[in-house]
Amino acid sequence: MIPQSQPDLSPRTRCPTPAAVGGRHSVLVRLAALTGVALLVLASGGSANAADDAFTAPAPEASGPIRSIRKYAVPAVSLVRDDGKVVSLPDEMSDGRPIVLNFIFTTCGSTCPLMSSVFAQFEHRLGAEADKVHLMSISIDPEQDTPARLHEYAQKFHSGLEWQHYTGTLAASITAQRAFDVYRGGKMSHAAVTLMRAAPGKPWLRIEGFVTADELVRDYRELLAAR
1 MIPQSQPDLS PRTRCPTPAA VGGRHSVLVR LAALTGVALL VLASGGSANA ADDAFTAPAP
61 EASGPIRSIR KYAVPAVSLV RDDGKVVSLP DEMSDGRPIV LNFIFTTCGS TCPLMSSVFA
121 QFEHRLGAEA DKVHLMSISI DPEQDTPARL HEYAQKFHSG LEWQHYTGTL AASITAQRAF
181 DVYRGGKMSH AAVTLMRAAP GKPWLRIEGF VTADELVRDY RELLAAR
């Protein structure tokens, strides 16, 4: 469910509690199961139907993703879209549509294929409604992820017209990561975070951890209903 109260937004370091440590095993089990789904999608050429079948397998875990409501200021940086066009990040996020955002890199072998396969299935489940939402994936490894490479990566997941991938300078990427509190110092520390906003000026739903496409659709519909 969408959290109703806004948490403390100040940066802080949290030490793991015994419950958190105990729940880590179930998170790893969930990750292992869902990573298998991402690999199946890639092996099948990104088939939406293959991923649909695979996503019925993992059972819900007791320890799931953490959701919170946040306010973020979109930084005034320029990025390069996977079609080669230089764009302003604020402009890309201000056309009135809901936004679902994540941060990926194309050489990632686990977290990113999983998140991308969930995005692909999210689009598939929305059907005609998918044209009304803007999916955005920003590279955290822009020095390797050229527009052509991102385009090739997107094709593996049969991304729709409303799902764009972005690269740019390393400085621009880090600025965007910091603005959405996902910067972890390097791509090897990359964490699974999905961000969702119903409309410009609205707060963001932050989802830390791995979600299925069905969970993401539910979050999306709840967010729209609450705006």
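Quick note, the sequence shown lines up with residues 1 to 227 if you use my numbering. Even for Gly, the Cβ is constructed at its ideal location relative to N, Cα and C. Here the structure is a predicted model, which is why all the values come from computation and not from measurement.
- Straight-line measurement puts the Cα of residue 167 at about 11 Å from the Cα of residue 174.
- Distance from the CA of residue 82 to the CA of residue 111, rounded to the nearest whole angstrom, comes to 20 Å.
- For the pair residue 211 and residue 65, the CB atoms are nearer than the 7 Å cut-off.
- Residues of the same chain with a CB within less than 6 Å of the CB of residue 86, apart from the 5 flanking positions on each side, are 78 and 80 in chain order.
- With the rule of 3 Cβ pairs closer than 8 Å, the stretch 205 to 223 does not count as touching the stretch 183 to 190.
- Burial is judged here by how many other beta carbons sit within 10 angstroms of a residue's own beta carbon; residue 107 has fewer than 16 and is exposed.
- Counting of Cβ neighbours within 10 angstroms places residue 161 among the exposed residues, the total staying below 16.
- In this model, residue 194 and residue 148 are separated by some 24 Å (Cα to Cα).
- Here residue 180 is actually not in contact with residue 141; their C-beta atoms are around 16 Å apart, not less than 8 Å.
- A straight line joining the alpha-carbon of residue 129 with that of residue 63 spans about 30 Å.
- Between residue 223 and residue 199, the CB-CB gap reaches or exceeds 7 Å.
- Going by C-alpha positions, residue 120 is about 6 Å away from residue 159.
- Comparing alpha carbon positions, the residue from 226, 177, 201 and 218 closest to residue 103 is 177.
- Boundaries around residue 119 are those of the alpha helix (DSSP H), 111 to 126, since no beta strand (DSSP E) includes it.
- Using a 10 angstroms sphere on the CB of residue 196, the tally of other CB atoms reaches 16 or more, which defines it as buried.
- Non-local beta-carbon contacts of residue 163 in its own chain, meaning distances under 6 Å to residues more than five positions away in sequence, involve 135 in chain order.
- The alpha helix (DSSP H) runs of length 4 or more contained entirely in the stretch 139 to 200 are, from start to end of the chain, 147 to 156 and 170 to 179.
- Per the coordinates, the alpha-carbon of residue 192 lies some 7 Å from the alpha-carbon of residue 115.
- Excluding its 5 nearest sequence neighbours in each direction, residue 139 has C-beta neighbours in its own chain below 6 Å: 105, 145 and 167, listed in chain order.
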